[in-house]
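Since the structure comes first, as structure tokens, the remarks are kept for the end.
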Amino acid sequence: MTATVLDGRALAATMSAEIAADVARFREAHGYEPGIAVVQVEGDDASSWYVRQIRRSFTKAGMRCAVHELAPTTTAEELADLLRSLNADPRTNGIIVQMPLPAAIPQSLVTDLLDPGKDVDGIHPLNAGRLMQGDAEAFAPATPAGGMEILKRYGIDLRGKHAVMVGRSNIVGRPMAMLMLHQHATVTICHSRTPDLGAVTRQGDILVAAVGRAKIVTGEMIKPGAVVVDFGVNVEGDALIGDVDTEAAMEVAGYVTPVPGGTGPMTNVMLMANTLRAAQNQAGQRPL
Ligand code: NDP
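Just so you know, we're using our numbering here: the sequence shown kicks off at 13 and counts up by one.
Structural data, given as structure tokens:
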């Protein structure tokens with residue numbers, strides 16, 4: 013069997029063009045472009061790479077992207093002041109704070125202070141709680157939202173399917189499990205303490221990996237014909253490797269997201285979609 017590739021890159025290009033058209037309509041109606049503020053600690057290479065991608069995608073779609081760089085010595089009070097001013101700025105519609113934070117600042121400071129209406133990566137407990145309760149208007153974290161959008165646009169129906177999620181982080185695994193549950197899948201969540209991982213993953217009609225370990229999901233761990241969604245991004249030399257052994261998966265599965273070119277490109281697009289939605293909410297165009 014050769015699986016169908018779930019082409020996140022092509023889908024992201026299509027969605028970007030759709031969002032750009034909606035952004036143009038928003039600008040015409042309100043006289044300004046929806047915009048995001050990205051807060052990051054200077055000097056973190058992985059974070060800087062991601063922030064460049066965000067800026068490029070937003071600019072291409074006609075949206076604003078302001079990057080606020082923090083010195084590694086930034087204090088909790090300074091970050092709190094910045095977040096309060098971004099919360100209060102009417103032209104800042106969405107805010108994301110890149111991890112890692114300066115060592116002295118707890119992550120709870122960000123989640124406590126961020127305006128939930130501007131929390132376009134769904135990290136605030138209010139949005140996480142609303143997602144948990146099945147509220148479709150909650151901002152879901154962009155990465156799992158992108159994975160779900162791939163499934164939706166490829167017409168993959170989750171109803172009654174057994175979805176196995178490997179990974180339970182607050183930003184990927186957990187919200188992805190909730191989103192699949194909302195689509196009426198029967199969901200099993202695996203993590204580092206799951207014994208005999210393969211015995212569980214082989215039951216998955218839908219198998220999703222968000223672990224951060226290259227090729228931890230081998231071909232033998234995949235149910236024949238399954239839909240495999242790989243969120244893993246592992247850097248090995250010049251190569252990006254997923255959490256799934258893609259080559260082996262292509263022989264066993266029915267559908268596979270490749271790495272790179274699968275879930276990765278969708279993350280930015282969902283961030284754009286959430287920022288546009290936040291701007292529409294704030295402009296009173298949509299109910300909160
Ligand atoms: P975390 O490190 O926060 O979480 C990893 C999860 O994997 C944890 O729940 C952990 O379990 C679980 N895990 C670790 N080892 C095993 C194991 N041997 N068997 C089963 N489960 C295990 O990572 P993230 O969720 O933030 O990221 C996961 C991957 O997704 C990474 O490669 C990251 O780079 C990528 N990523 C991709 C994005 C994209 O845009 N596509 C965006 C964000 C992340 P436990 O909870 O027990 O520790």
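We treat Cβ as the ideally placed atom computed from N, Cα and C, and that holds for glycine.
All figures in this text were calculated on a predicted structure; none of them were measured in a lab.
Just the C-alpha distance for residue i and residue j, rounded to the nearest angstrom, thanks.
i: A33; j: T71; result: 13 angstroms
i: A116; j: A29; result: 41 angstroms
i: E295; j: H42; result: The question names Glu, but residue 295 is Ala in the sequence shown. Approximately 8 angstroms, taken between the alpha carbons.
i: V35; j: L288; result: 7 angstroms
i: T26; j: A152; result: 21 angstroms
i: V229; j: L209; result: 9 angstroms
i: M233; j: I108; result: 35 angstroms
i: P182; j: L91; result: Residue identity differs from the one stated: residue 182 is Asn in this sequence, not Pro. Whole-angstrom Cα-Cα distance: 22 angstroms.
i: G172; j: R214; result: 16 angstroms
i: M282; j: G47; result: 14 angstroms
i: E161; j: I168; result: 10 angstroms
i: Y166; j: E81; result: 38 angstroms
i: R67; j: R37; result: 21 angstroms
i: D101; j: T123; result: 18 angstroms
i: T258; j: R180; result: 21 angstroms
i: D57; j: V63; result: 10 angstroms
i: G237; j: H196; result: 20 angstroms
i: V247; j: K235; result: 27 angstroms
i: D93; j: A260; result: 50 angstroms
i: I31; j: Q297; result: 16 angstroms
i: W61; j: G55; result: 11 angstroms
i: L170; j: A251; result: 32 angstroms
Check whether the Cβ atoms of residue i and residue j sit closer than 7 angstroms, and answer yes or no.
i: T275; j: G159; result: yes
i: D127; j: A154; result: no
i: G20; j: M278; result: yes
i: H174; j: T206; result: no
i: A291; j: N105; result: yes
i: V239; j: T200; result: no
i: V256; j: A221; result: yes
i: L125; j: L95; result: yes
i: E45; j: R76; result: yes
i: V178; j: F243; result: no
i: M188; j: P137; result: no
i: V241; j: T269; result: yes
i: V264; j: G231; result: yes
i: V79; j: V50; result: yes
i: L143; j: M190; result: yes
i: P112; j: P84; result: no
i: V271; j: G254; result: yes
i: Q110; j: S69; result: no
i: T14; j: M192; result: no
Looking only at its own chain, which residues have a Cβ that is under 7 angstroms from the Cβ of residue i, when we skip the five neighbours before and after it?
i: G146; result: H194
i: S204; result: none
i: V223; result: V178, G179, G244, D255
i: L18; result: I162, Y166, Y267, V268, T269, G274
Given residue i, which residues of its chain have a CB within under 6 angstroms of its CB, disregarding the five upstream and five downstream residues?
i: A88; result: I117, L121
i: T16; result: Y267
i: R98; result: A small fix is needed here, since residue 98 is Leu in this sequence, not Arg. Once the five neighbours on either side are set aside, the close Cβ partners of L98 are A49, T104, I107.
i: D131; result: N139, F151
i: A22; result: none
i: A24; result: P277, M278, V281
Spatial neighbours of residue i within its chain, please: CB distance less than 8 angstroms, with the 5 preceding and 5 following residues excluded, ordered by chain position.
i: Q65; result: N280
i: Y212; result: According to the sequence provided, residue 212 is Val. The question's Tyr does not apply to it. So the qualifying residues of the chain are V176, T200, C202, T206.
DSSP puts residue i in a beta bridge; with which residues?
i: T16; result: Y267
i: H301; result: The chain is shown only over 13 to 300; residue 301 falls outside these bounds and no answer can be derived.
i: A251; result: E248
i: L219; result: V176, V240
i: H80; result: V51
i: G106; result: I48
i: V63; result: In the DSSP output, where bridge partners are listed per residue, V63 has none listed.
Establish whether the CB of residue i and some CB of chain C are separated by less than 7 angstroms.
i: A22; result: The chain labelled as chain C is not found in the depicted structure, where only one protein chain is given.
For my contact list, residue i and residue j are in at a C-beta cut-off of 8 angstroms; report their separation, rounded to the angstrom.
i: A150; j: N139; result: 5 angstroms
Nearer than 6 angstroms: is that true of the beta carbon of residue i relative to any heavy atom of ligand 3?
i: D147; result: With respect to ligand 3, the structure offers nothing, as its ligand set consists of ligand 1.
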